[in-house]
Amino acid sequence: MVHSDEFKAAVGKFPTGIAIITCNDLNTLYGFTANSFTSVSLSPPLISFCLNHSARSIKAFKNSDYFAISILANDQSEISQYFATPKKKDRFQNTSYQLGEASNSALIIGATCWIECSKYQQIDCGDHTIFIGKVEKTKINNDKPPLLYYSKKYWDVT
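Residues 590 to 747 in the working numbering are what the sequence shown spells out, letter by letter.
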């Protein structure tokens, strides 16, 4: 079996976008930086993401019936870094956001797109939980290029 460092290096060669995934559990906001989520189905419209069982927010995402995805713009790398830092306790204190109408989860201001979902299914798999969400609402906010991540660095499409 491949070593985890080798595995991370290999999948790091796949360029991805960057998103902040959030939920609201008992009126407390939770969120993290994700460089991987995917569409699953068009009918019904489903997306998925994975969260490590050791993540501080895993219980909140398991408890919450809704979540939201903010696809970051190319000028939002600082927000990505902030939400990727495990020691940050109140990630929303210095971040502009609004609560989503469909999810009551944080939507990051300035993101290129918002996707609000109801939880459709969750599956424990290895050391992660796979969350599948039914897309309830989307909003394209601007024409800014997305923030990209490749080989441990942020990139710009332009």
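Just so you know, even glycine gets a beta-carbon here, dropped at the ideal spot from N, CA and C. As the structure is a computational prediction, the values presented were derived from the model and not from experiment.
Worksheet item: Nearest to A599 by alpha carbon, out of Y739, W744 and T747?
Response: Ranking the options by Cα distance to A599, first place goes to Y739.
Discussion item. Checking 8 Å against the spacing of the C-beta atoms, do I729 and I609 come in under that value?
Written reply: For the pair I729 and I609, the CB atoms are not nearer than the 8 Å cut-off.
Worksheet item: Can you name the start and end residues of the beta strand (DSSP E) that V629 belongs to?
Response: First-last of the beta strand (DSSP E) with V629: F626 to L631.
Practice prompt. Leaving out five residues on either side along the sequence, give the residues of the same chain with a beta carbon under 6 Å from the beta carbon of N624.
Written response: Answer for N624: T605, I607 and Y738, listed in chain order.
Practice prompt. Would you list the residues sitting across from E595 in a DSSP beta bridge?
Written response: Answer by DSSP bridge pairing: none, since E595 is not bridged.
Worksheet item: Tell me which same chain residues have a C-beta within less than 7 Å of the C-beta of Y709, skipping the five on either side of it?
Response: Hits under 7 Å: L635, I721, G722 and K723.
Worksheet item: Using the C-alpha atoms, what's the distance from M590 back to Q687?
Response: Roughly 44 Å between the two C-alpha positions.
Worksheet item: Should P633 be labelled buried (16 or more other beta-carbon atoms within 10 Å of its own) or exposed?
Response: By the Cβ neighbour-count rule, P633 is exposed, with fewer than 16 other Cβ atoms within 10 Å of its own.
Fill in: Contacts around F681, its chain only, beta-carbon distance under 8 Å, and the 5 residues preceding and following it disregarded
Around F681: L618, G620 and A695.
Practice prompt. Tell me, to the nearest whole angstrom, how far the beta carbon of D614 is from that of N641; I am working on the premise that it is less than 8 Å.
Written response: With a Cβ gap of about 17 Å, D614 and N641 do not count as contacting.
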